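First residue of the first sequence: 2, per the working numbering; consecutive thereafter. Each residue gets a CB set at the ideal place from its N, CA and C atoms; glycine is no exception. In this text the structure is predicted, and so the values were computed from the model without any measurement. Single-structure report; data block below.
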Amino acid sequence: MSDQVSGEGPQILERHKGQSVNFRSQARQFFAAALERLSADGVVAIGPEEIPGLVEQVRETADAKFGDYSGTMAMALAKRAGQKPRDVAAEIISRLNGVPGLSELFEKPTEPVGPGFINLRVRSEALAHAIVLALADSRMGVAPVDIPQTIVIDYSSPNVAKPMHVGHIRSTVIGDALAKILAFRGHSIITDNHLGDWGTQFGMILWGFKHLCDKERFAVAPTAELGRLYRLVRKLADAKPEELAEDPQAAALMATYPAVAAAVMAETVKLHEGDPENVSLWERFMPACREEIERIYSRLGVSFDHTLGESFYQPHLAAVVDDLVGMGLAKKSRGATAVFLAGYEAPLLIRKADGAFLYATTDLATIQWRIEHWQPDQILYVVDHRQSQHFEQLFATAKLWGCGNPERTERLKLVHIAFGTVLGEDGRPFKTRAGDTVGLESLLDEGVERAAQIVANGEGDRSAGGWSETDRRQIAETVGIGAIKYADLSQNRTTDSTFSFDKMLQLTGNTAAYMQYAVARVEGIFSRAGIDRETVRRETTVVHLVDPRERALALELVRFGEALEDVEADYRPNLLTAAMYDLAGSYSTFYDALPVLKAEGQTRVTRLALCDMTGRILRKGLELLGIGTVTKM
RNA sequence: GCGUCCGUAGCUCAAUUGGAUAGAGCAUCGGUCUUCGGAACCGAGGGUUGCAGGUUCAAGUCCUGCCGGGCGUACCA
Numbered sequence: 002m003s004d005q006v007s008g009e010g011p012q013i014l015e016r017h018k019g020q021s022v023n024f025r026s027q028a029r030q031f032f033a034a035a036l037e038r039l040s041a042d043g044v045v046a047i048g049p050e051e052i053p054g055l056v057e058q059v060r061e062t063a064d065a066k067f068g069d070y071s072g073t074m075a076m077a078l079a080k081r082a083g084q085k086p087r088d089v090a091a092e093i094i095s096r097l098n099g100v101p102g103l104s105e106l107f108e109k110p111t112e113p114v115g116p117g118f119i120n121l122r123v124r125s126e127a128l129a130h131a132i133v134l135a136l137a138d139s140r141m142g143v144a145p146v147d148i149p150q151t152i153v154i155d156y157s158s159p160n161v162a163k164p165m166h167v168g169h170i171r172s173t174v175i176g177d178a179l180a181k182i183l184a185f186r187g188h189s190i191i192t193d194n195h196l197g198d199w200g201t202q203f204g205m206i207l208w209g210f211k212h213l214c215d216k217e218r219f220a221v222a223p224t225a226e227l228g229r230l231y232r233l234v235r236k237l238a239d240a241k242p243e244e245l246a247e248d249p250q251a252a253a254l255m256a257t258y259p260a261v262a263a264a265v266m267a268e269t270v271k272l273h274e275g276d277p278e279n280v281s282l283w284e285r286f287m288p289a290c291r292e293e294i295e296r297i298y299s300r301l302g303v304s305f306d307h308t309l310g311e312s313f314y315q316p317h318l319a320a321v322v323d324d325l326v327g328m329g330l331a332k333k334s335r336g337a338t339a340v341f342l343a344g345y346e347a348p349l350l351i352r353k354a355d356g357a358f359l360y361a362t363t364d365l366a367t368i369q370w371r372i373e374h375w376q377p378d379q380i381l382y383v384v385d386h387r388q389s390q391h392f393e394q395l396f397a398t399a400k401l402w403g404c405g406n407p408e409r410t411e412r413l414k415l416v417h418i419a420f421g422t423v424l425g426e427d428g429r430p431f432k433t434r435a436g437d438t439v440g441l442e443s444l445l446d447e448g449v450e451r452a453a454q455i456v457a458n459g460e461g462d463r464s465a466g467g468w469s470e471t472d473r474r475q476i477a478e479t480v481g482i483g484a485i486k487y488a489d490l491s492q493n494r495t496t497d498s499t500f501s502f503d504k505m506l507q508l509t510g511n512t513a514a515y516m517q518y519a520v521a522r523v524e525g526i527f528s529r530a531g532i533d534r535e536t537v538r539r540e541t542t543v544v545h546l547v548d549p550r551e552r553a554l555a556l557e558l559v560r561f562g563e564a565l566e567d568v569e570a571d572y573r574p575n576l577l578t579a580a581m582y583d584l585a586g587s588y589s590t591f592y593d594a595l596p597v598l599k600a601e602g603q604t605r606v607t608r609l610a611l612c613d614m615t616g617r618i619l620r621k622g623l624e625l626l627g628i629g630t631v632t633k634m
């Protein structure tokens with residue numbers, strides 16, 4: 002490092018040694034200092050508590066021609082200051098230029114733009130040094146959070162009595178991605194799969210097993226038989242005329258067993274009361290049910306720290322109800338026990354007239370147990386939006402109750418991470434042609450099958466001699482499953498999404514395959530040219546960003562940490578997929594226009610460094626999203 | 001009925017939570033290049049953000065009212 006470095010570069014490197022540079026948070030600190038001075042100078046009174054909110058208005062610019070970051074708070078402050086927005090902006094700019102350190106990272110802002118935007122442009126030298134730091138950093142320049150929290154994430158949570166279907170995938174995939182992202186951010190994450198293993202659906206299976214079970218099929222394939230029984234008994238219990246009209250077998254059984262619904266409830270109550278026969282049957286069913294879902298999780302590459310299902314909390318339910326009644330929060334109503342909350346038409350029911358407990362009861366007991374054993378700062382529930390009212394009432398009740406530890410409960414952040422419904426291409430909830438919900442396993446199979454065809458189409462062009470059967474299968478599995486996961490993650494989670502294999506398996510656009518391809522392409526450079534990446538990381542002490550496309554790519558690279566911050570702020574993984582897509586786009590533009598291996602000297606060193614970082618960050622980003630990568634495809 | 005979410009290009013989706021000229025992909029049309037992985041890159045056309053008002057320096061975003069839809073709404077989860 003020497004004459005290649007210009008300006009104050011070495012100083013910056015020294016200051017951030019072994020660290021990383023987050024330009025956005027640096028910019029916010031500079032703005033905060035400027036605003037404090039503005040207030041001290043009497044231009045406009047700003048309370049210290051207002052500063053964080055105001056500096057949050059420092060964001061990435063909409064268009065690179067305005068610079069890299071811009072602050073918009075001058076416009077908001079203008080009225081209070083009794084001045085024109087542009088004048089307030091000019092006042093802020095003059096203070097900004099007096100803040101120590103700003104000019105090392107940013108070019109000095111000169112004058113307000115438009116109605117009063119204050120634009121900052123990162124100095125290329127500072128950006129180059131940030132890349133050098135990131136290159137040597139195993140965290141790729143992303144600093145961990147200052148204050149780590151303990152966060153419980155509750156996701157997937159299928160009913161084990163019935164086969165997993167397409168409706169379970171968003172919760173599973175979004176929850177898993179959030180767990181990985183927040184853990185990388187530095188939080189202490191506890192994942193917990195709150196299985197539905199104790200509710201009415203088991204009453205259905207119990208009744209079905211006793212009256213309608215095909216013992217031979219059960220012996221051979223227990224989960225398939227239990228699944229059949231669940232679907233059949235559910236039809237009988239619901240007794241919807243239109244369903245029965247389409248199913249002669251069910252209609253005939255209806256005549257034989259007219260009171261199925263009541264009988265199912267009775268079986269559920271007996272289970273909950275500890276009836277030996279039902280409990281022993283439940284214990285017999287569970288291993289097969291668990292095995293079934295585990296197979297799917299292993300294929301999805303998803304695992305949990307804990308799998309504490311509803312049944313786990315069963316011993317605590319009576320005490321929860323007693324506690325709430327004792328505190329006067331719950332009371333008897335129409336034979337049931339209910340918590341009435343202002344603003345809701347229906348109360349939160351915690352015990353049915355027949356004595357059985359409900360999922361609200363279990364959920365309350367679960368919060369209490371988690372507080373007692375894990376002392377979390379946050380509990381996140383990744384559950385579809387149809388349950389939003391349940392969670393509002395649940396959270397409100399938990400806060401009123403105190404869960405046996407009012408101080409902790411008060412501080413606990415409870416969040417319902419809602420997501421939309423998966424629709425078919427006809428705009429209706431995703432179903433098979435016959436109208437059944439789509440089984441998750443067959444969905445994964447089809448995704449992998451289609452991926453295999455696409456991969457085979459491209460193979461001939463690229464591989465001398467072809468790939469082994471194992472290679473092909475493994476690539477198809479990674480690409481197919483990745484496509485399905487990415488489709489769920491890349492969408493704003495609050496909106497409904499339309500399921501389309503054709504769209505999610507496209508090779509261009511914001512898809513997993515495009516991202517996976519980008520990784521394979523970047524990393525192919527090193528393997529084909531025989532360049533050791535460790536050497537690149539160790540020996541690159543200076544990079545020089547000259548071409549605008551080098552600079553644009555470098556900026557995307559150092560913004561990786563900002564994207565992760567934004568994901569956490571609103572629990573939205575699609576902000577990470579968007580950042581990955583932007584990065585891949587910047588890389589394509591860079592790579593298409595500028596030679597890397599054919600470049601020489603400092604230029605080659607710089608470009609190799611950018612390639613290495615691009616590959617690592619794309620790979621890390623996909624890993625945090627729970628999406629696999631391949632070395633060739 | 002009440003509550004809640006939504007309505008953005010032909011299609012599928014974004015839009016930094018009130019910021020600058022509403023952006024991508026697909027599809028359509030055009031261009032680049034004697035492939036460092038062309039599954040590439042560059043560009044064009046395509047919009048009254050459901051409708052009508054309002055709030056303000058600034059509205060796809062907030063408020064009011066309509067139109068159209070999803071979901072929830074007492075003993076399933």
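Candidates the options: closest to residue i by CA position
i	options	result
residue 476	104, 172, 542 and 518	518
residue 164	522, 444 and 549	444
residue 310	326, 269 and 360	360
residue 240	71, 263, 33 and 623	263
residue 620	107, 62, 191 and 584	584
residue 324	365, 336 and 345	365
residue 236	226, 255, 221 and 224	255
residue 455	429, 546, 488 and 504	504
residue 561	61, 49, 54 and 167	61
residue 131	566, 143 and 120	143
residue 265	426, 210 and 601	210
residue 579	508, 490, 530 and 634	490
residue 378	149, 630 and 627	149
residue 185	333, 566, 200 and 25	566
residue 138	216, 617, 64 and 357	617
residue 459	217, 514, 438 and 437	514
residue 472	633, 77 and 119	633
residue 30	42, 43 and 52	52
Delimiting residues of the alpha helix (DSSP H) encompassing residue i
i	result
residue 550	549-559
residue 414	Careful: residue 414 lies outside any alpha helix (DSSP H), inside the beta strand (DSSP E) at 414-418.
residue 622	602-626
residue 145	Premise fails: residue 145 is in no alpha helix (DSSP H) and is neither H nor E.
residue 468	First-last for residue 468: undefined, no H or E at that position.
Cβ pair residue i, residue j closer than 7 Å
i	j	result
residue 497	residue 558	no
residue 484	residue 448	yes
residue 381	residue 154	yes
residue 234	residue 196	no
residue 279	residue 207	yes
residue 33	residue 40	no
residue 502	residue 451	yes
residue 541	residue 610	yes
residue 348	residue 354	no
residue 386	residue 419	yes
residue 368	residue 404	yes
residue 136	residue 538	yes
N- and C-terminal bounds of the beta strand (DSSP E) containing residue i
i	result
residue 154	151-155
residue 334	331-334
residue 381	379-383
Those residues which DSSP pairs with residue i across a bridge
i	result
residue 107	123
residue 95	Note: residue 95 sits in no beta bridge, so no partner.
residue 349	340
residue 72	59 and 119
residue 498	423
residue 358	352
residue 438	432
residue 160	197
residue 166	440
residue 114	118
| task | Only counting runs of 4 or more residues, tell me where the alpha helix (DSSP H) segments fall wholly within the region 281-329, in order along the chain. | result | 318-327
| request: Run through the region 169-212 for me and flag every whole beta strand (DSSP E) of 3 or more residues, listed as ranges in chain order. | output: 189-193
| said: Which complete alpha helix (DSSP H) runs does the region 499-529 hold, if anything under 4 residues is left out? | reply: Taking only runs of at least 4 residues, the alpha helix (DSSP H) segments lying wholly in the region 499-529 are 502-505.
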